[in-house]
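There are 2 protein chains.
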Amino acid sequence: MSVVLDHSRNGVDTQQMYGTLDAIKAEPSLGVFQFRARNHWIDGAHNRSTIQGFYGAGQEDASRAHAFSVDAGEPAVLLGTDTGPNPAEHLLHALAACLTTSLVYVAAARKVRLTEVESTLEGDMDVRGALGLSDEVRNGFTKIRVSFKVRGDAPPEKLREVVERAKARSAVFDMVTNGVPVEVVSD
Amino acid sequence: MSVVLDHSRNGVDTQQMYGTLDAIKAEPSLGVFQFRARNHWIDGAHNRSTIQGFYGAGQEDASRAHAFSVDAGEPAVLLGTDTGPNPAEHLLHALAACLTTSLVYVAAARKVRLTEVESTLEGDMDVRGALGLSDEVRNGFTKIRVSFKVRGDAPPEKLREVVERAKARSAVFDMVTNGVPVEVVSD
């Protein structure tokens, strides 16, 4: 008799997941990561980041054969030529992506098979701040709203618990809600 | 005799820029914007945002004929298949893009012609937070370092002033350093 074990749930290899968690539990220094981006200006509001190397799990990662490239821009009304999402829209993407990935991993750990995860995000901004026209409004969003639709083989209350746990563990949700010290130097 | 006036500086139409600033000064409600993203889960750590419509300058924008699409993923060591930069790397891109665009606009307003703007960003993270292995470390970056190289037709101290002003007005720098209230709902 042969038994086929399927270790994948929601596209996550749960055996690898538990192995990773056990390894970092045993050796906490494996949890130290550094992520990086390089950006160069092209013209006007058009600039491009390249993203490849990072440090993590005790070594400099060499698994990415090519750099990712992500363009930013501004629409015409904000003086650009629409060469990509604008930086604030990229921040919404970063937040959506992190909450979604956290949610998928949490569901995998809790034996929930997901069939659908969608989210819509809105951020409200008075651009008089960023344009230097007012000191009474902040530069960034005053508020971000995230609305998730989550479907899977668990009752609604369990799916809501998974969303709550994802919020509690998402790296970008933490950064966007609590802030991060940023040091800027120039030469 | 004909005179050709070049209104472009750093790829920014300065006449349009001053016109935009004057219009919003005269009618502050034109500064009210809402940016948006939709995200859907594909598999595992792979998800994709589409970004198209926004509200601003007193109306729903219709200038983008197509949606932008941005993918996220995780490298193998973080249980993904490297389908895109990870969410924390996307946050670094959003920050770099916003500081760079702010810098380019500030330089245009201050009559500085830029020849080169590059930045490298690093973010330090102990992933034990996001993986749920420790409550003693935060989920997100503990610190972000941004290093700019800026070249143009102005002395170094003026270029540094432009960087400082960009920091003071960047929407994403504000959000990442000070945080934003985020409301998450799910059904």
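Sequences listed follow chains A and W, in order. Residue numbers for the first sequence follow the numbering used here, so the first one is 2 and each next one is one higher. Residue numbers for the second sequence follow the numbering used here, so the first one is 2 and each next one is one higher. We put the CB at the ideal spot given by N, CA and C, even for glycine. This structure is a prediction, so every number in the text was calculated from the model and none was measured.
Helix, strand or coil for residue i per DSSP?
i               : result
F142 of chain A : coil
T84 of chain A  : coil
A130 of chain A : Checking the sequence, you will find Gly at residue 130 of chain A rather than Ala. Coil, per DSSP.
G45 of chain A  : coil
E165 of chain A : helix
G20 of chain W  : helix
E75 of chain W  : coil
G32 of chain A  : helix
S135 of chain A : coil
V181 of chain A : coil
S171 of chain W : coil
Tell me whether residue i is buried or exposed, calling it buried when 16 or more other Cβ atoms sit within 10 Å of its Cβ.
i               : result
D175 of chain A : buried
D136 of chain W : exposed
N11 of chain W  : buried
E184 of chain W : exposed
V187 of chain A : According to the sequence as given, residue 187 of chain A is Ser; it is not Val. Answer is buried; the Cβ neighbour count reaches 16.
R170 of chain A : buried
A98 of chain W  : buried
D83 of chain A  : buried
A89 of chain A  : buried
A167 of chain W : buried
A193 of chain W : Outside the shown range of chain W (2 to 188) lies residue 193 of chain W, about which nothing can therefore be said.
Any Cβ of chain A within less than 9 angstroms of the Cβ of residue i?
i               : result
R105 of chain W : According to the sequence displayed, residue 105 of chain W carries Val and not Arg. Output row for V105 of chain W: interface = yes.
E123 of chain W : yes
K26 of chain W  : yes
P88 of chain W  : yes
V113 of chain W : no
P156 of chain W : no
E75 of chain W  : yes
D175 of chain W : yes
E61 of chain W  : no
So what does residue i bridge to, in DSSP terms?
i               : result
R39 of chain W  : A:T121 and W:T51
V186 of chain A : W:S148
V13 of chain A  : A:R10
F69 of chain A  : A:I52
L115 of chain A : A:G153
G57 of chain W  : W:Q60
Tell me, please, whether the CB atom of residue i is closer than 9 angstroms to any CB atom in chain W?
i               : result
E119 of chain A : yes
K159 of chain A : no
D7 of chain A   : no
Segment contact flag, the segment 41–57 of chain W with the segment 111–127 of chain A, C-beta cutoff 8 angstroms, min 3 pairs
yes
Is it a yes or a no for the segment 87–96 of chain A touching the segment 26–42 of chain W, going by three-plus beta-carbon pairs under 8 angstroms?
yes
Counting Cβ pairs closer than 8 angstroms, one from the segment 66–82 of chain W and one from the segment 44–51 of chain W, do we hit at least three?
Remark: three or more beta-carbon pairs, one from each stretch, lie closer than 8 angstroms, so the segment 66–82 of chain W and the segment 44–51 of chain W are flagged as touching.
For the segment 101–117 of chain W against the segment 156–165 of chain W, are there 3 or more C-beta pairs whose distance is under 8 angstroms?
yes
Is it a yes or a no for the segment 150–158 of chain A touching the segment 112–122 of chain W, going by three-plus beta-carbon pairs under 8 angstroms?
no
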